[in-house]
Amino acid sequence: MGSAFRKAFKIYKYLISISILGFLIYFLIDDFSLIKNSPDPVSSFFYSMIWVLIYAFEVSFWFWLVASITITIDFYTKETK
169 MGSAFRKAFK IYKYLISISI LGFLIYFLID DFSLIKNSPD PVSSFFYSMI
219 WVLIYAFEVS FWFWLVASIT ITIDFYTKET K
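What follows is the structure, given as structure tokens:
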């Protein structure tokens, strides 16, 4: 059982990286014009980066949860056969 959670945690680390990269690309495409036209672009940038990190961790958490459940079910089905 412990090895299943270790596998899921490895997947979780990769998903965090992919999610952060994806949201950074989304940020560059979508929010850059908002920051450029903002009266205080530095604080708008940091505010947007905080939301990018929050969304990235949230998305990767749900992927990790599904991955850990799937790996755990796979582990138990192999153990019972």
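Residues in the sequence shown are numbered from 169 upward in steps of one, following the numbering used here. Here a beta-carbon is modelled for each residue, glycine too, at the ideal position from N, C-alpha and C. Because the structure is a prediction, the values reported are computed rather than measured.
- Proximity of the segment 207-226 to the segment 234-249 falls short of the contact definition, fewer than three beta-carbon pairs being nearer than 8 Å.
- Between Ile188 and Leu221, the CB-CB gap stays under 8 Å.
- The C-beta distance from Ser236 to Leu183 rounds to 11 Å, too long to meet the 8 Å contact threshold.
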